[in-house]
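Participant: My questions all concern the structure below.
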Amino acid sequence: MTLEKTLSWPQAAPDELLLFGGVYSNLPALEALKQQAEVLGIPAAACFCTGDVAAYGASPAACYSLLEDWGVHAIRGNVEDQLLSGEEDCGCNFEEGSTCDLLSKRWFPFVQQRIEQRHLAFMERMPQLLRWSWQGYRVVLLHGGYPDQSAFLFRSSPAEEKASLLRLLGADILIAGHCGLPFYEKLENGLWINPGVIGMPANDGGTHTWYARLKAQKTGIELAFERLHYPHLEAQAAMRAACLPEAYALTLSTGIWDNCDILPEAETQQQGLPIPLPEGFFPVLSS
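If you're matching positions, the sequence shown starts at 1 in the UniProt record's numbering and goes up one per residue.
Spelled out as structure tokens, the structure:
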């Protein structure tokens with residue numbers, strides 16, 4: 001059963017939201033994002049995380065602690081649900097025997113061995129789905145798909161599949177993560193946004209990672225995808241010191257995924273190429 005929560009703003013809703021996900025145990029990236037939010041003047045109450053705080057990196061416990069102390073809105077990803085259930089795998093929906101599946105059998109136990117009861121208590125308080133009203137729009141935050149939170153939905157996935165989820169959930173704006181790639185899609189009945197992840201590059205050949213910002217203007221809602229630059233070599237060194245899979249450590253400096261097992265053909269063909277996203281803020285919904 002999905003654990004759902006509805007957010008009520010204690011005061012006036014903020015004009016700008018910061019969206020991110022997939023911290024993946026990458027502490028330097030999370031620290032850089034928090035600093036960037038402070039520079040932008042975006043309070044924790046206006047920041048939203050799509051889940052999977054832990055994964056490939058070296059600092060799962062520190063990432064949960066920092067996220068809790070920061071006070072942002074975070075939902076559970078499949079990793080959080082699997083940790084809470086005491087499962088033996090990450091529940092990432094990797095094909096059995098694939099490279100990602102085999103590597104997860106190394107990093108998931110690493111995470112399990114390092115988190116503490118207080119981190120599990122923090123996860124317990126996270127919903128799997130978060131709703132709120134913002135600037136007259138119904139917004140839903142989820143991890144992957146619904147009800148299957150480990151479903152991979154990409155830009156090339158059928159538009160009707162996304163539109164049907166907006167209808168099912170009663171959303172005008174749906175914010176999701178899980179697939180690791182930033183994208184947006186205007187649908188017949190609303191807007192789908194994946195802000196990308198901050199813990200790993202987006203297979204685009206850059207060492208940066210991605211997050212997004214939504215801003216309310218008099219003319220409507222604008223969206224911006226932002227590159228997050230952080231000390232990736234520091235994160236890489238920590239992974240190697242912890243003897244975590246080299247395939248993921250190497251990706252931090254190459255910007256290229258070790259494999260494309262989860263990707264559809266269209267996204268596979270984009271490997272190593274800049275992601276075709278507009279620069280700066282651009283309009284997505286008219287008032």
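In this text, a Cβ means the ideal position worked out from N, Cα and C, and glycines have one as well.
1) Assign Q117 to one of three DSSP states: helix, strand, or coil.
2) With a Cβ-Cβ cutoff of 8 Å, do T55 and I198 count as a contact?
3) Using only CA atoms, which one of S287, D148 and L66 lies nearest to C49?
4) With 16 other CB atoms within 10 Å as the buried threshold, where does W9 fall?
5) Quick one: what's Q82 bridged to in DSSP?
6) Identify which residue in I175, P14, G136 and G280 has its Cα closest to the Cα of Y146.
7) DSSP state of A242, grouped into three classes?
8) Out of curiosity, what's the CA-to-CA distance linking Y184 and L214?
9) Starting from T6, follow the beta strand (DSSP E) in both directions and report where the run begins and ends.
10) Roughly how many whole angstroms lie between the Cα atoms of Q269 and E116?
11) For S133 and A242, what's the separation of their Cα atoms in angstroms?
12) Indicate the three-state DSSP secondary structure (helix, strand or coil) for H208 in the structure shown.
13) Can you tell me whether DSSP reads F122 as helix, strand or coil?
Facilitator: From the atom records:
1) If DSSP states are grouped into helix, strand and coil, Q117 belongs with the helices.
2) Going by the sequence as given, residue 55 is Ala instead of Thr. Judged by beta-carbon spacing, I198 lies beyond the 8 Å limit of A55, meaning their Cβ atoms are not closer than that value.
3) For the residues S287, D148 and L66, the minimum Cα distance to C49 belongs to L66.
4) Around the C-beta of W9, fewer than 16 other C-beta atoms lie within 10 Å, and the residue is accordingly described as exposed.
5) Answer is none; Q82 lacks a bridge partner.
6) The option with the nearest alpha carbon to Y146 is I175.
7) A242 falls in the coil class under three-state DSSP.
8) Roughly 12 Å between the two C-alpha positions.
9) Per DSSP, T6 belongs to the beta strand (DSSP E) from E4 to L7.
10) Their backbone Cα atoms lie some 41 Å apart in a straight line.
11) Rounded to whole angstroms, S133 to A242 spans 42 Å at the Cα level.
12) The three-state reading of DSSP puts H208 in coil, since its state is none of H, G, I, E or B.
13) Of the three classes helix, strand and coil, the one that applies to F122 here is helix, per DSSP.
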